[in-house]
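J.: I have a structure I would like to understand better, so I am pasting it below and will then ask my questions one at a time.
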Amino acid sequence: MSEHNHVVKKDGELDMSKMDDAINRIDDGEKDRILNDFDSFKSYLHKRIQLAQSIGLNEEQLAQAAEKVAGYLAANEEPRNSEEKLLQELWKVGTQEEQHNLAHLLLKLAQGGTVQ
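Under UniProt numbering, residues 1 to 116 are what the sequence shown spells out, in order.
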C-alpha cells in the first residue's frame, strides 16, 4: 500500500481525513464477520488497539480514531445485534463530548477494562 493511503503519518500523527477511506477498504464479508457478533467486534477492536499502541499512538489518538469509526458505523451500518443497537442509539442521542467519552469507554471495553 502506498504512503498516501495510510491513516498514520510518518511522524506518528493520525490523518483523520484518511479514516473513511480506510474503513471503506474493508471487504463486505470481513465487515460482516466483524459486526455479526459483539464478541467478534470487541476482539477486532482489541487487536487494532494493540497494533495502534505498538506504533506509538496514545489514548487520545485512539479515542479520536474510535470516534470516527463509531460515527461511520452509526451512520452507515445497520446494527447486527442488541449491543450494537444500544451503542448506535447512545451515539445518536449523545452530544459531541458524550460521543468522545463513549469512544474512550469503547476503547476501555475492548481492552478488557484497562486503558493505558
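Ideal Cβ placement from N, Cα and C applies to all residues, glycine included.
Starting from Glu-89 and walking both ways along the alpha helix (DSSP H), at which residues does that stretch end?
T.: From DSSP, the alpha helix (DSSP H) with Glu-89 extends over 82 to 93.
J.: Taking the CB atoms as reference points, tell me whether Asn-81 and Asp-20 lie closer together than 8 Å.
T.: Their beta carbons are not under 8 Å apart, which means Asn-81 does not touch Asp-20 by this criterion.
J.: For a test of the three-state rule: what should DSSP assign to Ile-23, helix, strand or coil?
T.: Residue state, collapsed to three classes: helix.
J.: Taking DSSP as the reference, what is the three-state secondary structure of Asn-101?
T.: The answer is helix: DSSP assigns Asn-101 an H, G or I state.
J.: So Ala-110 and Lys-42 are in contact, right, with Cβ under 8 Å, and what is the actual spacing, rounded?
T.: Confirmed, about 5 Å.
J.: With a threshold of 8 Å on Cβ separation, who are the neighbours of Ala-70 within its own chain once the five nearest residues in sequence on each side are excluded?
T.: Counting only Cβ-Cβ distances below 8 Å, and skipping sequence neighbours, we find Leu-87, Trp-91, Gln-99, Leu-102, Ala-103 and Leu-106.
J.: Just curious, the alpha helix (DSSP H) that Val-69 is in, first and last residue?
T.: Per DSSP, Val-69 belongs to the alpha helix (DSSP H) from 59 to 76.
J.: Under DSSP, the alpha helix (DSSP H) around Lys-18 begins and ends at which residues?
T.: Run containing Lys-18: none; DSSP gives neither H nor E here.
J.: Taking all protein chains shown into account, decide if Glu-60 is buried (16 or more other Cβ within 10 angstroms of its Cβ) or exposed.
T.: The residue in question, Glu-60, is exposed, as its Cβ has fewer than 16 Cβ neighbours within 10 Å.
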